[in-house]
Amino acid sequence: MAGKCKWCSGDMEVFLPYARLSLCRSHFRNYVVRRVKRTIERYGMINSGERVLVALSGGKDSLVLLHILSTLRDSDDPKFSLKCEVEAVTLDLGIKGYSERCIAVARAHCEKLGVPHHTIKAAELAGFTMDDVASRRGRPTCSVCGVVKRYVLNKVGVEMGFDRLATGHNLDDEAAVLLSNYLSANVELLSRQSPVLPAREGMISRIKPLFEVSERETAMYAQFQGLAPVDGKCPYAIAPSTLKFKMVLNMLEEEVPTMKISMVRGFLEKVKPLLKKGETGPLRRCVACGYPSSSEVCSFCRLKKIYGPM
Ligand code: SF4
Ligand code: ZN
Ligand code: ZN
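Reminder that position 107 of the sequence shown reads as 107 in the working numbering, one-by-one numbering, no gaps.
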């Protein structure tokens, strides 16, 4: 790639069309870290001194998130520093040959970055593994897995006294879900779409610090920082339903480079305030486990009944 970095005499390694910026490797890193810090500040995601739990799957995005949050935590430079505690959790979902590798990758990166790491056996809480689910006909494994991950991460975050649960959703994820919700006119899901969800009784505050960083940027960041995500896919992975929306958005972004960020910010600033009403409806308590639920028995407890021990 020919050309020079806009901010130093180094060779350009990245061109960001939406900002018309040519950057060397080290200025690209600083640019991404500062953007995440600004996102955190703009949306009030982390207050000084708070304890943040990173949901660390071992995939690219969660490793990038961990790296950026630990960089902010460790920096003495006011432009980059954020006073908070960072720990990470990886769920053992009971996927033979895959869960072990995810845990090993997560643990190795946490050790390197000086981040305390917790491994939670989700299968012990649920009473079944994802291998059990896959071996039986019924709901798609990923949909069961999604319920288990959401429930267990929340429970762990609440019971360990963290202030925030941080996930690695990026700009492409947010824009694709937004487009899907718009097209299906799903007002309820639109009203709940947010980069920061406040804590409620029995529910930890959830934050998405990477939601203004694109998938391409997280991939370059991971590569430049030498982060090594888990090799290979989960054996139960299927093409996500948002894939086609991501493809459409990528095509549109070739014409309008600022499209994804404008779409997501425009929604949060102009559309979401009009939808605010549905966001904080009363939550009931699951009669089986006591955690918040929209129905009498929560989805997790219903799954336990279907897939758990007789
Ligand atoms: Fe779970 Fe599906 Fe992800 Fe595998 S691909 S970890 S089953 S959500
Ligand atoms: Zn530079
Ligand atoms: Zn329950």
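Where is the CB? At the ideal position from N, CA and C, for every residue including glycine.
In this text, all values refer to a predicted model and were calculated from it rather than measured experimentally.
Go ahead and pull the three-state DSSP assignment for residue i.
i: R101; result: helix
i: L210; result: coil
i: A237; result: coil
i: S184; result: coil
i: T6; result: Correcting the residue type first, residue 6 is Lys in the shown sequence and not Thr. The answer is coil: DSSP assigns K6 none of H, G, I, E or B.
i: F128; result: coil
i: I120; result: strand
i: D173; result: helix
So, are the CB atoms of residue i and residue j less than 8 Å apart?
i: F28; j: F224; result: yes
i: N154; j: M203; result: yes
i: R101; j: D231; result: yes
i: L268; j: L63; result: no
i: V89; j: L113; result: no
i: V32; j: P209; result: no
i: G94; j: P309; result: no
i: L197; j: L249; result: no
i: L56; j: L72; result: no
i: I46; j: R164; result: yes
i: L65; j: V115; result: no
Within 10 angstroms of its Cβ, does residue i collect 16 or more other Cβ (buried), or is it exposed?
i: M251; result: exposed
i: G97; result: exposed
i: K305; result: exposed
i: R381; result: Beyond the ends of the chain as shown, which are 1 and 310, falls residue 381; an answer cannot be given.
i: D76; result: exposed
i: L274; result: exposed
i: E111; result: exposed
i: V187; result: exposed
i: I238; result: exposed
i: E217; result: buried
Could you tell me whether any non-hydrogen atom of ligand 3 is closer than 7 Å to the CB of residue i?
i: Y307; result: no
i: V297; result: yes
i: A237; result: no
i: F318; result: For residue 318 there is no data in the structure shown, the boundaries of the chain being 1 and 310.
i: S293; result: yes
i: A288; result: yes
Indicate, with yes or no, if ligand 1 has a heavy atom lying under 7 Å from the CB of residue i.
i: T328; result: Given a span of 1 to 310 for the chain in the structure shown, any question on residue 328 remains unanswerable.
i: L93; result: yes
Confirm the yes/no value for this check: CB of residue i, any heavy atom of ligand 2, distance under 7 Å.
i: G319; result: Limits of the chain in this structure are 1 at one end and 310 at the other, which puts residue 319 out of reach.
Problem - Continuous alpha helix (DSSP H) assignments of at least 4 residues falling wholly in the segment 66-118 - result: Complete alpha helix (DSSP H) runs here, min 4: 99-113.
Problem - Segments assigned alpha helix (DSSP H), at least 4 residues, entirely inside the segment 19-58 - result: Whole alpha helix (DSSP H) segments, 4+ residues: 25-42.
Problem - Whole runs of the alpha helix (DSSP H) within the segment 259-302, excluding any shorter than 4 residues - result: Note on the segment 259-302: whole alpha helix (DSSP H) runs with a minimum of 4 residues are 259-266, 272-275, in chain order.
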